[in-house]
Amino acid sequence: MNAAHLHLMLNHLPVLGIAFGLLLLGYAVARKSNELRKVSLAVFVLVSLLAVPAYLTGEPAEDLVARLPDVPKAILEQHEEVAQLAFTGMVLVGVASAVGLVVFRRGRLVPAWFNFALLAAALLVTVLMAWTANLGGQIRHTEIRAGWGGSQ
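Using the numbering used here, read the sequence shown as starting at 542 and increasing by one per residue.
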């Protein structure tokens, strides 16, 4: 197994995990469930921790893939730039969630302002993660690149 393979295996966890946490927090807010709100905070902490190895394997994977023929350098660079934004956002959501778990422990209600701020941040990170994943897919899948003229 090389760095590219490891990166491909690991990057699905934060991409799907942040979306799951977002849906769970949205459901918890709609159901007014303080316990589910706290579970969603724990999901965000876990997912942000899982994002670390996915992010750290990106550079070694890029070094391998950049040597392959027909790999567009522009997509590699854009994937890396968006990944940096997504990772930074993921870390911020994870840290905010960890703080929330500490501050709102032992039966204390998670306030509405915190839930909605976290929902907004998680939505933004979900979009950034999806964009990052799409760009990563375009590196080796020409059929999903803009302007590809494959027959239907």
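From the three backbone atoms N, C-alpha and C, an ideal C-beta is built for every residue, glycine too.
Asked, Found
"Nonlocal neighbours in the same chain, by C-beta distance under 6 Å from LEU669, ignoring five residues either side", "LEU626, ALA627, GLY630"
"Inter-residue Cα distance where the pair is ARG578 and ARG646", "11 Å"
"Per-residue DSSP class, three states only, for VAL612", "coil"
"Residues near GLY567 in its chain [Cβ-Cβ closer than 7 Å; skip 5 each side]", "LEU660"
"Within-9 Å CB hit, VAL632 to chain B", "Here chain B cannot be found, since the structure has a single protein chain."
"Contact check, ILE559 vs LEU617, beta carbons under 9 Å", "no"
"Touch test, the stretch 639–658 against the stretch 606–617, Cβ-Cβ under 8 Å, three pairs minimum", "no"
"Closest by C-alpha distance to ALA571, when choosing among ALA662, ASN656, VAL644", "ASN656"
"9 Å Cβ cutoff met for ALA671 and VAL556", "yes"
"Selected residue, minimal CA-CA separation from LEU564, among HIS620, ALA545, LEU650, VAL580", "VAL580"
"Residues of its chain near VAL612, where Cβ-Cβ distance is below 8 Å and the 5 sequence neighbours each way are ignored", "VAL606, ILE680, ARG681"
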